[in-house]
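First residue of the sequence shown? That's 185 in my numbering, and the numbers climb one at a time after it.
Virtual Cβ for every residue (Gly too), placed ideally from N, Cα, C.
The structure presented is a predicted model; accordingly, all values stated were derived computationally and were not measured.
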Amino acid sequence: MAPTTTSGKSEIPLRSRIFADLTPLRVSPDYRRLWCGNTISWMGQQMTALAVSLQVYTLTHSTFAVGLVGLCSLVPLVVFGLYGGAIADTVDRRKLGLYSAAGATAMSLTLATAALAGYHRVWLLYTVVAFQAVCFAMNSPARSSMIPRLLPTEQLPAANALNSLTGNLGLMGGPMLGGVIVGLWGYQAAYLIDVAAFSGSLYAMWRLPSMRPEGEGPRRRASVLDGLRFLATRPNLRMTFFSDLAAMVLAQPRALFPAVAVLWFAGDAKTVGLLVAAPAVGAVLGGLFSGWLGGIRRHGLAILIAVAAWGAAIASFGLSRQLWLGLFFLAVAGCADTVSMVFRSTMLQAATPDAMRGRLQGVFIVVVAGGPRLGDFLAGSMADLTSPATAVTGGGLACVLVVTGLGLGRRAFARYDAQDPQP
185 MAPTTTSGKS
195 EIPLRSRIFA
205 DLTPLRVSPD
215 YRRLWCGNTI
225 SWMGQQMTAL
235 AVSLQVYTLT
245 HSTFAVGLVG
255 LCSLVPLVVF
265 GLYGGAIADT
275 VDRRKLGLYS
285 AAGATAMSLT
295 LATAALAGYH
305 RVWLLYTVVA
315 FQAVCFAMNS
325 PARSSMIPRL
335 LPTEQLPAAN
345 ALNSLTGNLG
355 LMGGPMLGGV
365 IVGLWGYQAA
375 YLIDVAAFSG
385 SLYAMWRLPS
395 MRPEGEGPRR
405 RASVLDGLRF
415 LATRPNLRMT
425 FFSDLAAMVL
435 AQPRALFPAV
445 AVLWFAGDAK
455 TVGLLVAAPA
465 VGAVLGGLFS
475 GWLGGIRRHG
485 LAILIAVAAW
495 GAAIASFGLS
505 RQLWLGLFFL
515 AVAGCADTVS
525 MVFRSTMLQA
535 ATPDAMRGRL
545 QGVFIVVVAG
555 GPRLGDFLAG
565 SMADLTSPAT
575 AVTGGGLACV
585 LVVTGLGLGR
595 RAFARYDAQD
605 PQP
């Protein structure tokens with residue numbers, strides 16, 4: 185029995201108000217399998233991503249060639265993200281998720297087979313990476329649009345916090361495990377482990393019930409343009425994308441980490457590694473201590489505050505010249521990004537009709553994939569024209585100003601109520 189107050193109302197345990205809310209994992213076996221399978225497979229994918237980069241560098245000794253790995257994944261993500269969302273609004277999402285996960289498994293098996301056979305060709309690595317991105321672009325909208333069908337609306341913030349924890353733990357732990365495994369047993373070991381890790385995702389998709397879009401006939405065609413038109417007429421949903429772009433395009437200092445490690449902190453490659461890891465550490469902590477997010481009703485206002493906090497933390501990082509202080513501000517930024525992501529994802533799921541969820545999740549993929557890359561380009565260009573300090577601090581302040589302007593221009597967004605989700 186839940187503890188009660190003297191008034192007889194149920195009292196939320198302190199642990200649930202502080203630490204990540206595990207209720208979605210307890211109440212929904214389908215979501216629990218989906219989350220566990222995605223956690224395992226995502227860790228394996230990050231191991232493979234590092235192994236591919238290491239293998240490309242070993243074959244070419246070129247950092248440019250390694251950079252092309254990212255381009256080979258970015259283009260399919262942007263192109264197929266929108267179409268993957270449209271397909272997810274047309275077919276059984278369970279089958280789409282199952283087939284795309286099977287395709288990704290086949291790609292990892294291809295890498296393992298080639299490595300075991302001693303067939304080391306850069307073109308093959310690039311090709312497999314591109315097809316992996318296509319599979320992800322098909323799988324992610326299907327998987328994300330399933331979650332509101334598996335859980336009640338009030339549990340979506342907790343579920344999205346758990347999903348963010350999966351993503352950030354994978355980004356932190358996957359490359360570390362991948363480096364160790366490649367060093368001990370070679371590339372084929374990392375690829376084979378990734379193949380085994382996909383079994384969790386395949387099993388979770390296999391056990392799900394049919395997930396056809398609600399209220400639509402089997403012959404319905406979903407248009408990408410229809411999804412964009414829908415988004416154009418839904419101001420609250422548009423604001424979730426605008427606010428994220430303000431953060432990722434204007435205040436993304438990642439491309440400047442190698443320069444600032446040397447110029448500001450007199451560091452080396454290890455310092456760059458710390459700077460890269462700090463936002464992820466903050467994001468993981470934000471996910472671990474996310475229990476309080478479930479009590480927030482004003483999701484729009486929370487997004488505006490979180491994005492402004494990201495910008496302020498990045499601007500503060502630009503002013504810091506002590507490494508420990510810089511790492512602290514980057515961790516704060518990562519934590520703020522987790523809060524923003526949780527509420528943006530929740531609004532997309534709760535305020536979007538089921539028949540449109542796939543396409544909106546496709547747009548989400550394009551923004552998440554493309555925004556930081558545009559931010560890297562802008563930060564690098566501004567640093568060349570001015571200085572790294574001006575680019576970082578100015579970008580952070582610009583983010584705060586832009587998101588403040590967005591909030592003032594669309595005051596209804598700040599009043600968005602999770603109990604009455606309006607797109």
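Residue i classed as buried or exposed, judged by whether at least 16 other C-beta atoms fall within 10 angstroms
i	result
residue 397	buried
residue 490	buried
residue 194	The predicted position of residue 194 is uncertain, since its pLDDT is 38 and thus under 50; a value taken from the coordinates is nonetheless stated next. It is exposed - the Cβ of residue 194 has fewer than 16 other Cβ atoms within 10 Å.
residue 592	exposed
residue 375	buried
residue 566	buried
residue 596	exposed
residue 416	exposed
residue 497	buried
residue 587	buried
residue 202	exposed
residue 208	buried
residue 379	buried
residue 413	exposed
residue 328	buried
residue 272	buried
residue 568	exposed
residue 324	buried
residue 589	exposed
residue 479	exposed
residue 458	buried
residue 500	buried
residue 211	exposed
residue 483	buried
residue 251	exposed
residue 528	buried
residue 524	buried
residue 601	exposed
residue 572	buried
Contact under 8 angstroms by Cβ, residue i with residue j
i	j	result
residue 336	residue 533	no
residue 204	residue 345	yes
residue 265	residue 343	no
residue 461	residue 356	yes
residue 542	residue 270	yes
residue 234	residue 363	yes
residue 584	residue 492	yes
residue 262	residue 253	no
residue 236	residue 308	no
residue 517	residue 494	yes
residue 330	residue 312	no
residue 563	residue 436	yes
residue 255	residue 304	no
residue 382	residue 225	yes
residue 341	residue 477	yes
residue 368	residue 286	no
residue 260	residue 298	no
residue 609	residue 347	One cannot answer for residue 609 here, as it falls past the ends of the chain, which runs 185 to 607.
residue 339	residue 481	no
residue 227	residue 358	yes
residue 276	residue 407	no
residue 231	residue 361	yes
residue 594	residue 432	no
residue 384	residue 519	no
residue 318	residue 249	no
Indicate whether the contact test is met: 3 or more Cβ pairs, each with one atom in the stretch 466 to 479 and one in the stretch 420 to 431, closer than 8 angstroms.
no
Taking only runs of the alpha helix (DSSP H) that begin and end inside the stretch 454 to 494, which ones reach a length of at least 4 residues, in chain order?
none
So within the stretch 527 to 572, which uninterrupted beta strand (DSSP E) runs reach at least 3 residues, ignoring any that extend past its ends?
none
Only counting runs of 3 or more residues, tell me where the beta strand (DSSP E) segments fall wholly within the stretch 264 to 335, in order along the chain.
none
Taking 8 angstroms as the cut-off, does the stretch 376 to 392 touch the stretch 276 to 291 (at least 3 CB pairs, one atom from each stretch)?
yes
With three or more beta-carbon pairs closer than 8 angstroms as the criterion, would you say the stretch 445 to 464 touches the stretch 501 to 508?
yes
Any chance you could list the alpha helix (DSSP H) runs of at least 4 consecutive residues sitting entirely within the stretch 374 to 425, in chain order?
408 to 416
Would you check if the stretch 453 to 471 and the stretch 538 to 555 touch, i.e. whether three or more CB-CB distances between them fall below 8 angstroms?
no
Which ranges does the alpha helix (DSSP H) cover as unbroken runs of at least 4 residues, wholly within the stretch 194 to 252, from first to last along the chain?
198 to 202, 207 to 211, 213 to 244
Which runs of the beta strand (DSSP E) at least 3 residues long sit entirely within the stretch 493 to 520? Give them in chain order.
none
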